[in-house]
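Chemist: Just so we're aligned, residue 62 is where the sequence shown starts under the working numbering, counting upward by one. From the three backbone atoms N, C-alpha and C, an ideal C-beta is built for every residue, glycine too. Right, I'll just put the structure down here and ask away after.
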Amino acid sequence: MRLVFTPNGWEDYTHWLSADRATLKRINRLIADVLRDPFEGIGKPEPLRHAFAGSWSRRIGEEHRLVYLVDGDDIVILQARYHYS
């Protein structure tokens, strides 16, 4: 599988480089797990509905979610901050 970031997803990811390295480490673990199996694993993966139908999310922490889309052999990171914004 190949990892791809949307512009918003990349902005969220790079935000954590300066804001909180512990959260960035958690995100990196989640991404590694998504690359192994997009639908099961750590972070309580769940399919999203409504505006995000077809996407999945995993918990980064209480407030933040990693939102991604499986597109063929690509994992597309849509968001890595906030709760479904």
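For residue 129, which beta-bridge partners are listed by DSSP?
Modeler: Position 68 of the sequence shown, counted from the first residue, corresponds to residue 129. Paired residue(s): 117 and 138.
Chemist: Rounded to the nearest angstrom, what separates residue 140 and residue 67 at their Cα positions?
Modeler: For the purposes of this step, residue 140 is taken as the residue at position 79 of the sequence shown. For the purposes of this step, residue 67 is taken as the residue at position 6 of the sequence shown. Rounded to whole angstroms, residue 140 to residue 67 spans 8 angstroms at the Cα level.
Chemist: Between which two residues does the beta strand (DSSP E) containing residue 63 stretch?
Modeler: Here residue 63 is taken as the residue at index 2 of the sequence shown, counted from 1. Element bounds for residue 63: 63-66.
Chemist: Going by the CB atoms, is the gap between residue 108 and residue 119 shorter than 8 angstroms?
Modeler: The residue given as residue 119 occupies position 58 in the sequence shown. The residue given as residue 108 occupies position 47 in the sequence shown. Not in contact: residue 119 and residue 108 (Cβ atoms no closer than 8 angstroms).
Chemist: Identify, in the order they occur along the chain, each residue of the same chain with its Cβ nearer than 6 angstroms to the Cβ of residue 64, setting aside the five sequence neighbours on each side.
Modeler: Reading the sequence shown from its first residue, position 3 is the one you call residue 64. Closer than 6 angstroms at Cβ, skipping near neighbours: 136.
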